[in-house]
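If you use this note's numbering, the sequence shown corresponds to residues 54 to 241, in order.
See structure below.
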Amino acid sequence: MNKQQKPKRSPIRPDYIVIIIIILLAIGMYFFFTEMMQPGVKKFENELEFVTAIEDGQIATITTEYVGGDNYNIWEVTGTFVSGQAPEGVGSYIIILHGDRLNNIYDVVATYNAANPNAQIKTNVVPHVTVDIWGILTTILLVAAPIVLVIIMFRSMSSQTNRAQDFTKNRAKLSQGKRVKFSDVAGA
């Protein structure tokens, strides 16, 4: 009988793409679960509810940030509650206000701070930034990631095709020079 030689197998190399995807999934899960563990955010439905919370001494800080884009004169007001005054499971609050209503809120805060000099509400206005680095990086990543994945897939497919052709060439080389007779095949 003819002994056929087994083709040499290439050494196993780690699949770096799978490793990177697993690492990214682990990082994503970490941020997902840490975000889940954060205290909740109370959304004030109207300005009156927010003014009542200020007058009752429940608010500790107020941070005002301009909402960009096509939203003209709209402000996002966030902050924290006074220790022990927050609703159950809530750590901060948010309310969206128009610019003319924001001045009303600052008047209420000024009145409260004048009446309570020992427990004043701290205010902060975040300057409006039109472009940030994360917006630029996200756009670049959304364009570059599919291109990189396509390049990696084509390289992987071309190496697989070459291996299949090498396998058939090796089999053909192994069988050259060997004559097979009918009696060898038929078992006669």
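Note that CB positions come from ideal geometry on N, CA and C, so glycine has one too.
Query raised in the report: Going by C-alpha distance, which of Met82, Val104 and Asn157 is nearest methionine 90?
Result: Met82
Query - DSSP state of phenylalanine 146 mapped onto helix, strand, coil - result: The residue you asked about is not phenylalanine; residue 146 is tyrosine in the sequence shown. Strand, per DSSP.
Query raised in the report: With DSSP run on the structure shown, which of helix, strand or coil describes valine 135?
Result: coil
Query raised in the report: Going by beta carbon distance, what residues of the same chain come within less than 8 Å of arginine 154, once the five residues before and after it are set aside?
Result: Glu100
Query - Cβ-based burial, lysine 96 [other Cβ within 10 Å; buried from 16] - result: exposed
Query - Residues sharing a beta bridge with isoleucine 112, DSSP - result: Phe134
Query raised in the report: With burial defined as no fewer than 16 other Cβ atoms inside 10 Å of the residue's Cβ, what is the status of isoleucine 115: buried or exposed?
Result: buried
Query raised in the report: Which residues mark the beginning and the end of the alpha helix (DSSP H) in which threonine 87 is found?
Result: 69-89
Query raised in the report: Where do the N-terminal and C-terminal ends of the beta strand (DSSP E) with valine 179 fall, by residue?
Result: 175-179
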